[in-house]
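**Q** The opening position of the sequence shown corresponds to residue 120 in the numbering used here, with each subsequent residue numbered one higher.
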Amino acid sequence: MMDIRVELTKTPKEKPADENKLGFGKIFTDHMFMMNYTEGQGWHDARIVPYGPLVLSPACSTLHYGQTVFEGMKAYRAADGRVLLFRPQENFKRMNRSCDRLAIPHIDEEFALKALCQLLELEKDWIPRSEGTSLYIRPTIIANDDYLGVKVASEYIFYIILSPSGRYYESGLDPVNLYIEEKWVRASKGGMGTAKTAGNYAASLLSQEEAHEQGYAQVLWLDGVERKYIEEVGSMNVFFVVGDEVVTPELDGSILPGITRMSCIELLKDWGVKVTERKFSVEELVSSVKNGTLKEAFGTGTAAVVSPIGEMRLGDETEQIGDHKIGKLTQKLYDTITGIQTGVLEDPKGWRYEVCKG
Ligand code: COI
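1) How is Phe359 classed by DSSP in three states: helix, strand or coil?
2) With 16 other CB atoms within 10 Å as the buried threshold, where does Asp342 fall?
3) Under a Cβ-count criterion, where at least 16 other Cβ atoms within 10 Å of its own Cβ denotes burial, should Met151 be classed as buried or exposed?
4) Got a sec: does the ligand NAP put a non-hydrogen atom nearer than 7 Å to the Cβ of Tyr195?
5) Could you check if Gly420 belongs to the surroundings of the ligand COI, using beta carbon to heavy atom distance under 7 Å?
6) Going by C-alpha to C-alpha distance, which of Glu133, Met355, Ile146 sits closest to Ser282?
7) Hey, could you find the ends of the beta strand (DSSP E) Glu345 is sitting in?
8) Where Ile276 and Val188 are concerned, what is the direct C-alpha to C-alpha distance, given to the nearest angstrom?
9) Please look up how many angstroms separate the CB atoms of Arg196 and Arg248, rounded, as I've assumed it's under 8 Å.
10) Indicate, with yes or no, if the ligand COI has a heavy atom lying under 7 Å from the CB of Gly191.
11) Go ahead and pull the three-state DSSP assignment for Trp245.
12) Among residues of its own chain, excluding the 5 on either side of Glu158, which ones have a beta-carbon nearer than 8 Å to its beta-carbon?
13) Measure from the alpha carbon of Gly411 to the alpha carbon of each residue in Val360, Gln450, Ser373, then state which is nearest.
14) Who are the Cβ neighbours of Tyr288 in its own chain at under 8 Å, not counting the five residues just before and after it?
15) Please find out if some non-hydrogen atom of the ligand COI comes closer than 7 Å to the beta-carbon of Ala314.
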């Protein structure tokens, strides 16, 4: 494995004084990990260096054509000081799958995890400990050719930055309201929807803005072909509790395969709950709301973990879901996943990854 050169900052920053005012993704730690890729040479020059701006050519290919992928992970500090990650191998596996779609060279998953652990050990005092906080981790790969032709790049930068963060949504676990997006599409089959890449998020921004203007927190995304089936909610996967069945859209080529999604499915199955990955149409959603069988609805993602849906606009009417309160299963999933992540609960499935002792 490559050696990692370390250059420590000479000007360490003040750590945030109030963990309740962190916000999300606004503050960054003292150091970051970086390495470069050059065609013919592979990944090289692995280093931990002071956090700071990247110097890029204005012609940098990522800025023009979006050949880039990223991941989102979180590190927690347990009560006994241990630094913990949640299923980090899955993130680097997914990053390589995203790389495949964007024609970006693979990273060595084991090495990426080792580099992250070394960075976390150095920055562990930045990990907040209050409830609802964590150190958000953003591994990113950008194409870095100084060239305006549209082609697969021959140079890349991989970097990992760390951000002490509070809850992703200020509303926390308060159920949010949303509507079904009928005008814009996030992704369609054969596109890039299964990859964690900038373009999918760029495609969602206008819709998010329009939703906010109308007083809604998020939108439900429909499939791009028939505009009939529900795919995601905001930037998250989505689940519906209908009668005694939990339904989540099947991964059929345009949905991001979320690690929280996968963990929720596994937990629900362990609890003996019937969970089905299948198509779920707007028609079925409307009828399950109207006939009272829709008990709970929630989004899942790394950033928010679980986010309950309390209200939906369906046509001209606004319908309440579960009396606008967080549902039992939603709460149980949130408590179980965050309990495992933070070291409070047992970890029978071996999802926790210990970076270092306190
Ligand atoms: C998540 O982790 O849920 C997301 O995808 C949101 C992230 C892009 C901030």
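Glycine included, each C-beta is placed from N, C-alpha and C at the ideal position.
**A** Put simply:
1) strand
2) buried
3) Buried, since its Cβ has 16 or more Cβ neighbours within 10 Å.
4) Among the ligands present in this structure, namely the ligand COI, the ligand NAP is not found.
5) True, at least one ligand heavy atom lies under 7 Å from that Cβ.
6) Ile146
7) No beta strand (DSSP E) holds Glu345; DSSP gives it neither H nor E.
8) 11 Å
9) 5 Å
10) yes
11) helix
12) The beta carbon of Glu158 lies closer than 8 Å to those of Ser273, Glu274 in the same chain, with the five residues before and after it left out.
13) Val360
14) Val295, Ala336, Ala423, Ser426
15) False, no ligand heavy atom lies under 7 Å from that Cβ.
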